[in-house]
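Asks: Following the working numbering, the numbering of the sequence shown begins with 776 at its first residue and continues without gaps. Even for Gly, the Cβ is constructed at its ideal location relative to N, Cα and C. For clarity, every value in this text was computed on a predicted model and none was experimentally measured.
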Amino acid sequence: MTTLSFFKNSKACQVTLHASSLQVVYQKKNNKLVTVDISYVYLLAVEGRYNNGAHSVNVHYVKPVVNRRLRVETLTVHSDLDQCNMLVTALQGELAATDKPKKLAVIINPNSGKKQAEKVFHNKVAPLFKLCGIETHVVVTKAPKKARDVLQTLDLSEIEGLVTVGGDGLYCEVLNGVILRTQKDNGVNVNDPDSKVVRSRLPIGIIPAGTGDMVVQYLHGTRDVMTAALKIVLGATMPTNAVSVHQGGELSAYAGLVLGFGLQGDMMADCERFRWMGHSRYNVIPISTVLSRRSLDVEVEYEDETTMETKKTSDAMFSVDTYVVSKEQRGDKLQHVFGTDTLKVYMTSKCSLGKHVQQLTKLKENEASAFDFDFVQEKRVQGYTVRLPNEPVVMEGGKRVLRGKYNINCDGEVLKITHPEYHVRLHHHALRVFGEAIV
Ligand SMILES: Nc1ncnc2c1ncn2[C@@H]1O[C@H](COP(=O)(O)OP(=O)(O)OP(=O)(O)O)[C@@H](O)[C@H]1O
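Here it is in structure tokens:
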């Protein structure tokens, strides 16, 4: 423990360096004593300054404020050169000892949400990264799937994390890109549904600039840009899951948020056609999809988690859904939990429109009883196979291909199901995201 003498606003101020925090005690104008404790975990940057013949130190740190948001706070103290140098050297040592990222690849979708992603990054995030000494390699996407493709060839050797500036769709694309790159670098055959996915080294941070921004809200409890940026800068990460979808002997996609076959997929396909309506399409279009809902004869095969027996459920179903960020009961609400060790598959059988609307409303409101309906079956699995035994098929290139249109909502994007059978597998802790809850 070292105590240094400073001045703050011309009044004496004591700065004590403890093992895990910096304590600053100073007098306010009304002579009231104030104590500020800054955990080294929250330290962002320290600057020694010389201005008009006086030496000072700026300590930039993170301060939790209301509604789970974080803000940058700056504390300025004055003293002679020796005291200033001692404080700067000590705090720089603490900063160097943490896991904060120093070089990030930033991927911006200029067309996300209200097309503000570039502005959001350059005006709000880049100055913070600069203050914290973080170098960036910025890529602005030119079209869908470009982010995924760029990640296949980008030199990642010095990169310590990936940052998406956009919505859930861009996060999903980058998740696909980084998982694919990791498998390629490790010689894993991604087209084999039983291949074990090698975990990705690079955590993903998300700067919200999209339409829905659900992942970031599940992560931080807010879609505040500065909070999201600070979570990246602080460097704490947590594991999250991915699931793979295979059909026709090939990988179709990985998902990191949701996989909704049937009703949810049809809703997304309908919403895509009305993209020009902006976010309001998500309020209007799903209603018409629900009113014209279609049930399909579906067989779901899965391995029972407890008995390890292979089981099958066949029924006329409206949907087969999986929440990769799991919906778990906490009191009377469903909360979103990352990195669970099993996957839950929900099969919704044919039911009355009234009951179905009641169930979907509870789900939208995240009510804990959203799955307590006799037409919804929940199974805990590591993976499952969905078959459509009675849908018309044609032969194409020696394979049976579906004639009709069948959709999955894959992280908010439409994934076409073209084969009468597809496989879903859980890849536990396949990657990490910036944003361990620190407040
Ligand atoms: N330059 C681009 N032009 C058009 N589309 C792009 C471009 N870059 C990425 N995309 C695609 O746009 C889709 C949607 O992007 P994104 O998720 O960033 O925004 P959003 O749909 O407005 O937000 P949310 O997914 O949160 O609702 C993604 O699937 C991505 O592949």
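1) Find out if the Cβ-Cβ distance for the pair V1169, P1195 is shorter than 7 angstroms.
2) So who's on the other strand from A1028, going by DSSP bridges?
3) Report yes or no: do the segment 1198 to 1208 and the segment 1010 to 1020 share at least 3 C-beta pairs separated by less than 8 angstroms?
4) Can you check the segment 846 to 895 for any beta strand (DSSP E) of at least 3 residues that lies completely inside it and give the ranges in chain order?
5) Counting beta carbon pairs with one atom in the segment 1138 to 1157 and one in the segment 957 to 966, are three or more of them shorter than 8 angstroms?
6) Closest by CA to N806, which one among E1025, Y1098, K1087 and K786?
7) Consult DSSP for L808 and reduce its assignment to one of helix, strand or coil.
8) Apart from the five residues on each side of it in sequence, which residues of its chain come closer than 8 angstroms, Cβ to Cβ, to V1214?
9) Alpha carbon to alpha carbon, what distance is there between G1010 and A1212?
10) Return yes when the C-beta of L1005 is under 6 angstroms from any heavy atom of ligand 1, and no when it is not.
11) Who does N1184 pair with in a DSSP beta bridge?
12) Span of the beta strand (DSSP E) holding I981?
13) By a C-beta neighbour count over all protein chains shown, 10 Å radius and 16 as the cutoff for buried, is Q1104 buried or exposed?
14) Under DSSP, the alpha helix (DSSP H) around K1006 begins and ends at which residues?
15) Run through the DSSP bridge pairs and tell me what M1092 is partnered with.
16) Could you name the residues that DSSP lists as bridge partners for P1164?
17) Tell me, please, whether the segment 876 to 884 touches the segment 845 to 858 by the rule of three or more beta-carbon pairs shorter than 8 angstroms.
18) Rounded to the nearest angstrom, how far is the Cβ of P885 from that of E893, given a contact under 8 angstroms?
19) Let me check understanding here. Comparing Cα to Cα, which of Q858, N860 and D943 lies closest to V1100?
20) Pairing CB atoms from the segment 963 to 979 with CB atoms from the segment 1024 to 1035, are three or more of them under 8 angstroms?
21) Can you tell me which of the three DSSP states R1200 falls into?
22) Would you check if the distance between the CB atom of Y836 and the CB atom of L819 is smaller than 7 angstroms?
23) Whole angstroms is fine: what's the gap from F1113's alpha carbon to N860's?
24) How about K1087: is its Cβ closer than 6 angstroms to a heavy atom in ligand 1?
25) Take G823 as the anchor and find which of T849, T1117 and T1012 has the nearest alpha-carbon.
26) For A794, is the classification buried or exposed, using 16 other Cβ atoms within 10 angstroms of its Cβ as the cut-off for buried?
27) I believe G980 touches V938 by the beta-carbon criterion, under 8 angstroms. Please report the beta-carbon distance rounded to the nearest angstrom.
28) In three-state DSSP terms, what is I813?
29) Count the C-beta pairs between the segment 1043 to 1060 and the segment 1181 to 1194 that are closer than 8 angstroms, then say yes if the count reaches three, no if not.
30) Check L1118 in the structure and name its three-state DSSP category.
31) For E1025, count neighbouring C-beta atoms within 10 Å of its own C-beta (all shown protein chains included) and say buried if the count is 16 or more, exposed if not.
32) Among P919, T810 and L931, which one has its Cα closest to the Cα of C788?
33) For S1094 and T1085, what's the separation of their Cα atoms in angstroms?
34) What residue from T873, S854 and H1111 has the CA that sits closest to Y993's CA?
35) Name the DSSP bridge partner or partners of G1158?
36) According to DSSP, is C947 part of a helix, a strand, or is it coil?
Replies: Reading it off the structure:
1) no
2) V1020
3) yes
4) 878 to 883
5) They do not touch, by the three-pair rule.
6) K786
7) strand
8) With a pLDDT of 38 at V1214, under the threshold of 50, the modelled position of that residue is not reliable, and no figure is offered here.
9) Note on A1212: pLDDT 48, under 50, position unreliable in the model; no value is reported.
10) no
11) G1035 and V1189
12) I979 to P983
13) exposed
14) For K1006, the enclosing alpha helix (DSSP H) starts and ends at V1000 to L1009.
15) L1071 and S1124
16) Beta-bridge pairing links P1164 to no other residue.
17) no
18) 5 angstroms
19) D943
20) yes
21) strand
22) yes
23) 43 angstroms
24) no
25) T849
26) Burial state of A794 is exposed, judged by a 10 Å Cβ sphere holding fewer than 16 other Cβ atoms.
27) 5 angstroms
28) strand
29) yes
30) Secondary structure at L1118: strand, using DSSP grouped into helix, strand and coil.
31) Answer is exposed; the Cβ neighbour count stays below 16.
32) Checking every option, the nearest Cα to that of C788 belongs to T810.
33) Taking the CA atoms as reference points, S1094 sits about 21 angstroms from T1085.
34) H1111
35) Bridge partners of G1158: R1200.
36) helix
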